[in-house]
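In order, the protein sequence lines correspond to chains A and B. Residues 6 to 231 (the numbering used here) are what the first sequence spells out, left to right. Residues 6 to 231 (the numbering used here) are what the second sequence spells out, left to right. All C-beta atoms in this analysis are idealised placements derived from N, C-alpha and C, irrespective of residue type, glycine included. Everything on this sheet refers to the single structure shown next.
Number of protein chains: 2
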Amino acid sequence: MGSASNGRKIPEPTLARLHRYQVVLRKLCRAHETTVSSERLGDEAGTDAALVRKDFSYFGCVGQRGVGYEVEGLLAALQGTLGPSEPRPLVIIGAGPLGTALAGYAGFEMLGYELVGIFDSNPARVGHHLRGIRVRHTNELPAAVVGTGVQLAILAVPAARAQEAADQCGQAGLRGLLSFAPVHVKAPPGVKVRQMDVSGELEILNYQLKCGMTAGPLPFGTNSTG
Amino acid sequence: MGSASNGRKIPEPTLARLHRYQVVLRKLCRAHETTVSSERLGDEAGTDAALVRKDFSYFGCVGQRGVGYEVEGLLAALQGTLGPSEPRPLVIIGAGPLGTALAGYAGFEMLGYELVGIFDSNPARVGHHLRGIRVRHTNELPAAVVGTGVQLAILAVPAARAQEAADQCGQAGLRGLLSFAPVHVKAPPGVKVRQMDVSGELEILNYQLKCGMTAGPLPFGTNSTG
DNA sequence: CTTTGTGAAATTTTTCACAGCG
DNA sequence: CGCTGTGAAAAATTTCACAAAG
């Protein structure tokens with residue numbers, strides 16, 4: 006058991022699941038459940054019991070053998086790994102429909118984020134208020150970064166502006182970008198970019214529907230040399 | 006070349022990239038470029054030349070050695086693999102801010118999708134028009150599925166309603182769901198579900214910022230027994 | 001000479017299986 | 001017993017390296 010909690014390299018797929026466990030655990034917490042087994046957790050989070058345990062092994066084990074995991078303890082451990090207890094500032098770039106919808110998303114607070122700014126390069130949008138926050142011009146971003154220490158931004162701008170906006174974010178000192186633009190954005194130096202590709206996901210879904218997921222045994226057979 | 010174009014099992018990561026190549030190719034097409042190398046394509050799509058070639062090998066090779074890929078031919082091949090040439094119907098479930106923003110997303114048409122319906126279980130929202138489409142009550146969904154042959158839906162409902170809505174979609178006869186809810190949705194029988202987890206992505210970004218991508222050695226030291 | 005197509009190696013991630021603790 | 005923690009096996013994916021084609 007020695008290797009747990011070394012806290013070194015958590016695989017990305019694990020990170021993606023860690024957040025889902027958190028969501029499930031919060032629900033269990035509200036339902037006043039005290040313990041949960043890896044099987045139940047896997048079931049509710051859409052993964053597998055073994056994978057749940059493996060995932061937890063990356064950041065320290067909090068389970069009791071024969072019983073399961075203590076819901077609160079596990080939640081605390083997860084929050085310690087994923088996010089700090091203090092709210093993390095966050096800005097949204099782009100005050101179009103998507104930026105507006107995201108600004109209205111109440112879930113950020115629950116997750117420990119605090120929306121501290123909304124920026125748009127279109128002067129016509131500057132000055133409007135979304136969720137009590139005044140939309141500022143993009144050229145005010147650097148000052149806001151310095152002022153709030155914000156590191157993360159959601160990029161909700163049209164494809165044509167995405168790279169430009171990402172570069173501005175990088176220059177302003179932001180460190181992480183979550184882009185909704187349906188184009189690949191090259192990461193500015195020192196910036197980590199993740200893409201949220203709606204249309205790409207639709208295409209995958211569509212393809213998988215087209216072939217391969219008709220209920221029943223998979224009709225694989227065409228096994229050429231490969 | 007023998008094994009290519011069997012068209013059977015394309016890995017999911019490849020599918021995700023295929024769409025990005027499509028985006029780049031369309032751009033090149035507009036710029037009247039006739040050929041493109043795997044290196045260039047990889048660069049613009051955010052992957053690697055070797056991976057580009059490997060990806061294409063799954064669905065047939067269209068490249069000319071020494072030259073590259075014919076932009077139009079490749080685009081046609083991709084569109085043939087990913088989506089059909091006729092528009093695919095699509096519905097949005099949930100007419101809240103996110104559903105509204107998505108309804109306004111002009112990119113769907115470009116990708117060959119046609120938004121044929123918006124549904125909401127809240128009677129207060131029924132009757133409004135988004136992008137020229139009347140919001141209908143969720144209980145009209147089954148009829149719409151039969152009428153349009155739609156298979157895909159985007160789920161833009163609150164977490165608390167997500168599972169319920171997914172089940173309704175399944176019963177209505179939909180086959181693929183793209184969910185924006187920040188909870189895991191169990192796939193109803195015969196339905197393929199993909200999740201678009203905004204907060205999860207933010208958490209990953211935040212974690213990767215916290216540790217691992219500061220240039221230089223990681224400042225971990227706490228190496229407990231576990 | 002350039003660039004593709006592709007086996008084979010390397011790497012990453014998941015699944016398995018079971019020892020060990022409560 | 002039941003359930004966790006974890007090495008080892010398996011599977012999936014990416015990277016490498018190079019032969020073959022234009």
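Residue i versus residue j - alpha carbon distance
{"i": "methionine 115(B)", "j": "glycine 65(A)", "result": "47 angstroms"}
{"i": "glutamine 156(A)", "j": "glycine 122(A)", "result": "12 angstroms"}
{"i": "phenylalanine 61(A)", "j": "glutamate 49(B)", "result": "36 angstroms"}
{"i": "serine 42(B)", "j": "alanine 54(B)", "result": "8 angstroms"}
{"i": "glycine 132(A)", "j": "threonine 105(A)", "result": "14 angstroms"}
{"i": "glutamate 208(A)", "j": "leucine 182(B)", "result": "11 angstroms"}
{"i": "arginine 180(B)", "j": "threonine 40(A)", "result": "35 angstroms"}
{"i": "isoleucine 98(B)", "j": "alanine 167(B)", "result": "10 angstroms"}
{"i": "alanine 220(A)", "j": "arginine 22(B)", "result": "With a pLDDT of 38 at alanine 220(A), under the threshold of 50, the predicted position of this residue should be treated as unreliable, though the coordinate-derived value follows. Cα to Cα, the separation comes out at about 26 angstroms."}
{"i": "glycine 63(A)", "j": "cysteine 216(B)", "result": "Contrary to the premise, residue 63(A) reads as tyrosine rather than glycine in this sequence. Between tyrosine 63(A) and cysteine 216(B), the C-alpha separation is close to 14 angstroms."}
{"i": "isoleucine 15(A)", "j": "arginine 93(A)", "result": "21 angstroms"}
{"i": "glycine 154(A)", "j": "leucine 120(A)", "result": "12 angstroms"}
{"i": "phenylalanine 124(B)", "j": "tyrosine 118(B)", "result": "17 angstroms"}
{"i": "glutamine 176(A)", "j": "valine 72(B)", "result": "37 angstroms"}
{"i": "alanine 36(B)", "j": "phenylalanine 113(B)", "result": "22 angstroms"}
{"i": "serine 229(B)", "j": "threonine 86(A)", "result": "Here serine 229(B) scores only 32 on pLDDT, less than 50, and its place in the model is too uncertain to base an answer on."}
{"i": "leucine 56(A)", "j": "glutamate 75(A)", "result": "18 angstroms"}
{"i": "glycine 152(A)", "j": "glycine 51(A)", "result": "40 angstroms"}
{"i": "histidine 189(A)", "j": "valine 203(A)", "result": "13 angstroms"}
{"i": "arginine 58(B)", "j": "arginine 199(B)", "result": "26 angstroms"}
{"i": "arginine 141(B)", "j": "lysine 191(B)", "result": "25 angstroms"}
{"i": "serine 126(A)", "j": "proline 89(A)", "result": "31 angstroms"}
{"i": "proline 128(B)", "j": "arginine 136(B)", "result": "19 angstroms"}
{"i": "arginine 139(A)", "j": "glutamate 145(A)", "result": "12 angstroms"}
{"i": "alanine 253(A)", "j": "serine 184(A)", "result": "Any question about residue 253(A) goes unanswered here, given that chain A covers just 6 to 231."}
{"i": "methionine 201(B)", "j": "leucine 80(B)", "result": "26 angstroms"}
{"i": "glutamate 17(B)", "j": "threonine 143(B)", "result": "31 angstroms"}
{"i": "glycine 195(B)", "j": "glutamate 44(A)", "result": "23 angstroms"}
Within-8 angstroms CB hit, residue i to chain A
{"i": "glycine 51(B)", "result": "yes"}
{"i": "alanine 21(B)", "result": "yes"}
{"i": "glutamine 173(B)", "result": "no"}
{"i": "proline 187(B)", "result": "yes"}
{"i": "glycine 73(B)", "result": "no"}
{"i": "glutamate 17(B)", "result": "yes"}
{"i": "glycine 112(B)", "result": "yes"}
Beta-ladder partner(s) of residue i, from DSSP
{"i": "glutamate 119(B)", "result": "Pro94(B)"}
{"i": "aspartate 125(B)", "result": "His142(B)"}
{"i": "leucine 182(A)", "result": "Ala158(A) and Val198(A)"}
{"i": "tyrosine 74(B)", "result": "Val41(B) and Gly68(B)"}
{"i": "leucine 135(A)", "result": "Ile138(A)"}
Beta carbon of residue i nearer than 8 angstroms to that of residue j
{"i": "lysine 197(B)", "j": "leucine 210(A)", "result": "yes"}
{"i": "proline 187(A)", "j": "alanine 164(A)", "result": "yes"}
{"i": "isoleucine 173(B)", "j": "leucine 83(B)", "result": "Strictly speaking, residue 173(B) in this sequence is glutamine, with isoleucine absent from that position. The answer is no: Cβ separation not under 8 angstroms."}
{"i": "histidine 24(A)", "j": "glycine 205(B)", "result": "yes"}
{"i": "leucine 46(A)", "j": "valine 29(A)", "result": "yes"}
{"i": "valine 96(A)", "j": "alanine 158(A)", "result": "yes"}
{"i": "arginine 130(B)", "j": "alanine 149(B)", "result": "no"}
{"i": "cysteine 34(A)", "j": "glutamate 77(A)", "result": "yes"}
{"i": "proline 147(A)", "j": "glycine 109(B)", "result": "no"}
{"i": "tyrosine 212(A)", "j": "leucine 20(B)", "result": "yes"}
Proximity test, Cβ basis, 8 angstroms: residue i and chain B
{"i": "glycine 181(A)", "result": "yes"}
{"i": "arginine 25(A)", "result": "yes"}
{"i": "glutamate 44(A)", "result": "no"}
{"i": "tyrosine 118(A)", "result": "yes"}
{"i": "valine 233(A)", "result": "This structure cannot speak to residue 233(A), because chain A is shown only from 6 to 231."}
{"i": "glycine 109(A)", "result": "yes"}
{"i": "glycine 47(A)", "result": "no"}
Taking a Cβ distance cut-off of 9 angstroms, strictly less, list which residues of the segment 192-216 of chain A are near chain B, in chain order.
Of all residues in the segment 192-216 of chain A, Ala192, Gly195, Lys197, Val198, Arg199, Gln200, Met201, Asp202, Val203, Ser204, Gly205, Glu206, Leu207, Glu208, Ile209, Leu210, Asn211, Tyr212, Gln213, Leu214, Lys215 and Cys216 have a Cβ within less than 9 angstroms of some Cβ in chain B.
Subject >> Short-range partners of chain B found in the segment 88-106 of chain A, where Cβ spacing is below 9 angstroms >> reply: Within the segment 88-106 of chain A, the residues whose Cβ lies closer than 9 angstroms to some Cβ of chain B are Gly88, Pro89, Arg93, Leu95, Gly101, Pro102, Leu103, Gly104, Thr105 and Ala106, listed in chain order.
What residues in the segment 140-169 of chain A have a beta carbon less than 7 angstroms from any beta carbon of chain B? Result list: Gln156 and Leu157.
- prompt: Which residues, in chain order, does the segment 53-65 of chain B contribute to contact with chain A at a C-beta distance below 8 angstroms?
  reply: Under the 8 angstroms Cβ criterion, the segment 53-65 of chain B contributes no residue.
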